[in-house]
Structure formats: C-alpha cells, structure tokens
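Visitor: With the numbering used here, the residue at position 60 of the sequence shown is 60, and numbering never jumps. Glycine included, C-beta positions come from ideal geometry on N, C-alpha and C. Please read all numbers here as calculations on a predicted model, not as lab measurements.
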Amino acid sequence: MWAGITIMAFQFLSGFAYLALISPIFTFIQINFISGASIFTKRGLEKWGDQGDYILYIKNTPKYIPNFFK
Numbered sequence: 001m002w003a004g005i006t007i008m009a010f011q012f013l014s015g016f017a018y019l020a021l022i023s024p025i026f027t028f029i030q031i032n033f034i035s036g037a038s039i040f041t042k043r044g045l046e047k048w049g050d051q052g053d054y055i056l057y058i059k060n061t062p063k064y065i066p067n068f069f070k
C-alpha cells in the first residue's frame with residue numbers, strides 16, 4: 001500500500017519532498033526486521049515449533065498479501 005501511494009505521489013514531489021520516498025522503505029524494513037512479522041514468527045517457533053501443523057501453517061501462509069486464488 002505504501003509503495004502504491006508513493007508511486008502515485010511521485011509526480012508531485014520536488015526539493016526536500018523527495019525525502020518522503022524513505023517512508024515506504026523504512027516501513028518495510030521496520031515491519032520485516034525490527035518489529036512485527038519476524039518477532040511473531042520467532043516467538044511462534046519457540047512456542048509451537050515442534051508441532052507439524054504450525055510448521056505447515058508457516059510454509060503455506062503468505063506474510064503480507066493473502067492468496068485468494070489458491
């Protein structure tokens with residue numbers, strides 16, 4: 001979503017407004033590596049890592065975009 005908003009607003013940026021392009025990159029890095037998905041996956045593996053159903057869930061569930069056509 002952030003990337004789409006950035007692409008749509010790109011034509012209106014000028015000067016220091018180009019610094020706004022950092023926002024989607026920062027958000028992606030923060031969700032993937034600092035907080036969010038990685039922490040929950042790590043805690044889930046610690047708690048349920050020995051259960052085959054949980055491992056199957058991790059392998060078959062997309063992180064961000066649901067797969068409605070599966």
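How is I34 classed by DSSP in three states: helix, strand or coil?
Guide: helix
Visitor: Determine the DSSP secondary structure at Q51, reduced to helix, strand or coil.
Guide: coil
Visitor: Relative to the alpha-carbon of F40, which residue among I22, F10, K63 has its alpha-carbon at the smallest distance?
Guide: K63
Visitor: Starting from S23, trace the alpha helix (DSSP H) in both directions and tell me its first and last residue.
Guide: 22–29
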